[in-house]
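Visitor: In our numbering, the protein residues as written are 2 to 566.
We put the beta carbon where it would ideally sit given N, CA and C, even for glycine.
Being a predicted model, the structure only gives us computed values, none of them experimental.
(1) Can you name the residues that DSSP bridges to residue 172?
(2) What number of angstroms, rounded off, separates the C-alpha of residue 503 from the C-alpha of residue 108?
(3) Roughly how many angstroms lie between the CA atoms of residue 240 and residue 229, to the nearest whole one?
(4) Could you check how far apart the C-beta atoms of residue 246 and residue 216 are, in whole angstroms? I think they sit under 8 Å.
(5) For residue 137, tell me which candidate among 157, 309, 153 and 401 has the shortest Cα-Cα distance.
(6) Ordered along the chain, which non-local residues of its own chain (more than five positions away) have a Cβ less than 8 Å from that of residue 400?
(7) Are residue 297 and residue 187 touching if we call contact CB-CB under 7 Å?
(8) In this structure, does DSSP put residue 26 in helix, strand or coil?
(9) What is the DSSP secondary structure of residue 206, reduced to helix, strand or coil?
(10) Assign residue 411 to one of three DSSP states: helix, strand, or coil.
(11) Could you tell me the distance, in whole angstroms, from the CA atom of residue 312 to the CA atom of residue 478?
(12) Measuring CA to CA, which of 105, 474 and 29 is closest to residue 56?
(13) Under the DSSP definition of a beta bridge, which residues are partnered with residue 300?
(14) Roughly how many angstroms separate the alpha carbons of residue 19 and residue 508, rounded to a whole number?
(15) Starting from the C-beta of residue 8, find all residues in its chain whose C-beta is less than 8 Å away, skip the five residues before and the five after it, and write them out in chain order.
(16) In chain order, what residues of the same chain have a beta carbon less than 8 Å from the beta carbon of residue 329, not counting five sequence neighbours either side?
(17) Does the segment 486-500 come within contact of the segment 164-175, defined as at least 3 CB pairs closer than 8 Å?
(18) Just to confirm, are residue 501 and residue 444 a CB contact at a threshold of 7 Å?
(19) Use the C-beta contact count for residue 155: other C-beta atoms within 10 angstroms, 16 or more gives buried, fewer gives exposed.
(20) Could you compute how far the alpha carbon of residue 419 sits from the alpha carbon of residue 88?
(21) By how many angstroms is the C-alpha of residue 449 removed from the C-alpha of residue 458?
(22) Taking the alpha-carbon of residue 624 as reference, which of 206, 398, 366 and 358 has the nearest alpha-carbon?
(23) Which residues mark the beginning and the end of the beta strand (DSSP E) in which residue 41 is found?
(24) Sort 59, 384, 405 and 94 by Cα distance to residue 17 and report the nearest one.
(25) Roughly how many angstroms separate the alpha carbons of residue 339 and residue 380, rounded to a whole number?
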């Protein structure tokens with residue numbers, strides 16, 4: 002056999018398919034380690050190079066397998082062909098994508114010229130921004146209990162800017178789409194409005210683009226030969242000579258001003274609207290504040306190819322898994338089933354009452370997550386474990402989970418605006434469905450590995466693994482699509498995403514091992530147990546690591562650090 006045929010045969014082999022999954026686990030584990038340790042590779046090729054090589058080998062293996070008709074079932078065929086759609090979408094995005102951002106004040110127009118953007122990035126074959134113009138007519142922020150906790154933020158725009166014919170609301174997760182460009186909000190703040198005079202001559206009059214929001218933030222600007230240090234308090238009070246902010250709304254704005262000239266401090270003071278700070282021939286008048294928002298603009302022709310690829314993959318999984326016959330076994334102790342029904346009703350009632358009070362399902366913070374987890378485990382014990390083989394450990398696990406959640410803040414809070422979307426609700430729903438299936442698959446794998454199994458235990462492990470994989474894939478589909486609406490990108494280099502891929506690959510390895518190599522269940526069980534460790538960290542360990550992640554919603558734990566690839 003020629004070298005060419007041997008290489009082609011190796012790239013198309015089942016063994017290489019499994020090796021690719023294992024390499025994927027190692028790669029994303031490396032990214033996670035780099036993130037945790039704060040190490041930055043000397044070149045991006047240490048991150049992107051292995052990724053591109055891995056994905057290329059994966060596509061080669063996949064393409065050869067499709068040509069040689071390795072995939073017998075239609076579901077398998079559709080699932081793996083979906084990756085080609087995703088790859089086509091990524092390439093299209095790389096070539097033709099446009100992304101930009103711009104800060105616009107209320108009442109101003111954005112004309113779409115290059116110098117009006119704060120940031121700009123183009124695909125390889127795009128040479129300029131698309132035609133885009135609009136007028137920002139109104140900004141409506143909303144806060145919870147006068148804290149920096151947004152429950153509402155949207156901007157009303159009219160377009161085109163010179164004579165608005167249409168109007169639309171833009172929110173954090175999207176809104177208007179103008180000439181194929183999707184708009185979303187990225188930030189909000191207040192600019193102080195100043196008039197600066199020198200010996201009676203006005204040298205500046207208007208909003209100062211200083212980043213002084215959130216309250217107490219300090220920024221410096223240069224006007225003429227003067228350097229002004231500014232701090233803004235939207236609803237400030239002065240108590241014993243100390244400025245304190247009592248709310249986010251611009252009701253009684255106070256501006257702390259410090260003035261330097263040639264590196265020497267001239268004067269400082271605290272101004273209310275209409276007041277003037279004077280030093281020699283210099284006069285600085287605080288005239289009020291102007292609201293602004295930062296718009297994010299994205300035009301991505303590859304987005305719908307990626308979307309179609311994700312959808313095709315889910316349909317393929319469902320077609321493949323639909324071949325597994327359901328088990329109908331209602332044997333078991335009646336008392337345990339009655340206890341499960343009672344606990345499910347009690348927790349369900351409490352969840353419903355809390356949902357009605359807060360206006361959102363239990364998805365905000367560790368307490369609500371532990372409540373949802375406990376309910377999921379009990380519901381799966383009732384509906385999935387028909388023979389009551391794992392009911393007692395499930396009861397213990399659900400109870401411990403709920404007790405753990407009680408150690409966190411149980412205060413009822415409205416949902417932050419970035420999570421106010423049905424896409425988020427479905428993302429979380431399938432996350433808990435996956436968690437439930439994987440939990441019982443793990444218990445069955447543990448039982449099988451250390452005590453031996455029978456047909457019921459084996460079926461519990463197999464069905465939990467496969468159905469959990471479907472739910473986890475669906476969870477990723479909803480989460481990635483919502484990320485594209487919220488951040489303009491399917492992938493945000495968040496450690497949660499690294500952990501997800503590691504977990505997903507670890508579950509995919511035993512599935513492929515069983516399908517491609519006929520692994521027996523005792524060999525599959527250790528992989529499920531290993532994957533369950535990643536799942537537990539993914540669901541419960543995030544708050545204990547010094548990571549910047551958008552997936553932690555406990556205010557006392559949340560950190561904000563710059564996201565780097």
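Guide: Short version:
(1) As a working note, residue 172 is residue 171 in the chain shown. Per DSSP, 175.
(2) Along the chain shown, read from residue 1 onward, the residue named residue 503 stands at position 502. Along the chain shown, read from residue 1 onward, the residue named residue 108 stands at position 107. Approximately 47 Å, taken between the alpha carbons.
(3) Counting from 1 along the chain shown, the entry for residue 240 is found at position 239. Counting from 1 along the chain shown, the entry for residue 229 is found at position 228. Taking the straight line joining both Cα atoms gives about 24 Å.
(4) Position 245 of the chain shown holds residue 246. Position 215 of the chain shown holds residue 216. Between residue 216 and residue 246 the Cβ distance is about 4 Å, and since that is below 8 Å, they are a contact.
(5) For the purposes of this step, residue 137 is identified with residue 136 of the chain shown, where counting begins at 1. The shortest Cα separation from residue 137 among 157, 309, 153 and 401 belongs to 157.
(6) Within the chain shown, the letter at position 399 stands for residue 400. Taken in chain order, the residues that qualify are 375.
(7) Here the question's residue 297 lines up with position 296 in the chain shown. Here the question's residue 187 lines up with position 186 in the chain shown. Yes, the Cβ-Cβ distance between residue 297 and residue 187 is below 7 Å.
(8) Locating residue 26 in the chain shown gives position 25, counting from the first residue. In this structure, residue 26 counts as helix in the three-state DSSP scheme.
(9) What you label residue 206 is simply residue 205 of the chain shown in a count that begins at 1. Residue state, collapsed to three classes: strand.
(10) Start at 1 with the first residue of the chain shown, and residue 411 comes out as number 410. Three-state result, residue 411: coil.
(11) Stepping through the chain shown from its first residue, residue 312 is reached at position 311. Stepping through the chain shown from its first residue, residue 478 is reached at position 477. If you take the alpha carbons of residue 312 and residue 478, they lie about 8 Å apart.
(12) Taking the chain shown and counting its residues from 1, the one referred to as residue 56 is at position 55. The residue with the shortest Cα to Cα distance from residue 56 is 29.
(13) The residue you call residue 300 lines up with position 299 of the chain shown. In the DSSP output, where bridge partners are listed per residue, residue 300 has 99.
(14) Residue numbering aside, residue 19 sits at position 18 when the chain shown is read from its first letter. Residue numbering aside, residue 508 sits at position 507 when the chain shown is read from its first letter. Approximately 12 Å, taken between the alpha carbons.
(15) Within the chain shown, the letter at position 7 stands for residue 8. Once the five neighbours on either side are set aside, residue 8 has no close Cβ partner at all.
(16) For the purposes of this step, residue 329 is taken as residue 328 along the chain shown, with counting starting at 1. Interpretation of residue 329 is limited by its pLDDT of 45, a score under 50 that renders its predicted location unreliable; the figure taken from the coordinates is listed afterwards. Closer than 8 Å at Cβ, skipping near neighbours: 387.
(17) yes
(18) Here the question's residue 501 lines up with position 500 in the chain shown. Here the question's residue 444 lines up with position 443 in the chain shown. Cβ atoms of residue 501 and residue 444: not closer than 7 Å.
(19) One-based indexing of the chain shown puts residue 155 at position 154. Answer is buried; the Cβ neighbour count reaches 16.
(20) For this step, residue 419 is matched to residue 418 along the chain shown. For this step, residue 88 is matched to residue 87 along the chain shown. Looking at the two C-alpha atoms, the distance is approximately 28 Å.
(21) Within the chain shown, numbered from 1, the residue matching residue 458 stands at position 457. Within the chain shown, numbered from 1, the residue matching residue 449 stands at position 448. The alpha-carbon atoms of residue 458 and residue 449 are separated by roughly 7 Å.
(22) Nothing in the structure corresponds to residue 624, since the chain is present only between 2 and 566.
(23) As a working mapping, residue 41 is identified with position 40 in the chain shown. Careful: residue 41 lies outside any beta strand (DSSP E) and carries neither H nor E.
(24) Working through the chain shown from its first residue, we reach residue 17 at position 16. Considering only alpha carbons, the answer is 59.
(25) As a first step, residue 339 must be located in the chain shown, where it is residue number 338. As a first step, residue 380 must be located in the chain shown, where it is residue number 379. Each residue's Cα considered, the two are about 12 Å apart.
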